[in-house]
Amino acid sequence: MAASPQKIHAIIHEAALASAAAAVSFAQVPGADEAVILPIQAAMVMAIAREHGASVTEGVVAKFLLPYASLTVGRVVVEWVVGWLPGAGNAVNAATAAALTETIGWAADKYFGSFVRA
């Protein structure tokens with residue numbers, strides 16, 4: 129089954145926007161937004177897999193997201209460093225959350241796209 133590029137783009141961009149919104153909401157508490165962002169990213173990966181016709185479990189999604197844990201730790205460090213700056217901390221937090229979510233989304237698209245065609 130060929131995945132719709134428009135649908136994949138929408139899934140990724142909507143998840144990135146939701147992650148950025150969560151990051152802004154929790155910017156004053158470094159790391160607190162991860163409780164909201166991680167489920168958004170997991171749902172995004174599952175939706176991308178489904179769009180490619182793959183059937184995945186939560187375990188598969190967890191294994192897929194695990195390599196990105198170090199990036200998440202780096203994002204939390206950035207939050208901690210700039211979080212005390214009014215406005216700027218929120219903007220940096222939102223930008224890094226959105227960028228990480230986009231990165232995970234495009235990686236999932238590439239992975240599940242090649243997996244399903246193989």
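So the sequence shown is residues 129 to 246, counted in the numbering used here.
Even for Gly, the Cβ is constructed at its ideal location relative to N, Cα and C.
Computed from a predicted structure; not experimentally measured.
Let me know the secondary structure DSSP gives residue i once reduced to three states.
{"i": "S183", "result": "coil"}
{"i": "A131", "result": "coil"}
{"i": "G233", "result": "helix"}
{"i": "L213", "result": "coil"}
The alpha helix (DSSP H) with residue i in it runs from where to where?
{"i": "Q156", "result": "Neither: Q156 is in no alpha helix (DSSP H) and is coded neither H nor E."}
Among the candidates the options, whose CA atom is the shortest distance from the CA of residue i?
{"i": "V157", "options": "G241, F243, G217", "result": "G217"}
{"i": "L228", "options": "A131, L145, A138", "result": "L145"}
{"i": "A223", "options": "H180, H141, P133", "result": "H141"}
{"i": "E230", "options": "L213, I165, V209, V152", "result": "I165"}
{"i": "V189", "options": "E179, Y196, G202, V173", "result": "V173"}
{"i": "A131", "options": "A155, E162, G215, I176", "result": "I176"}
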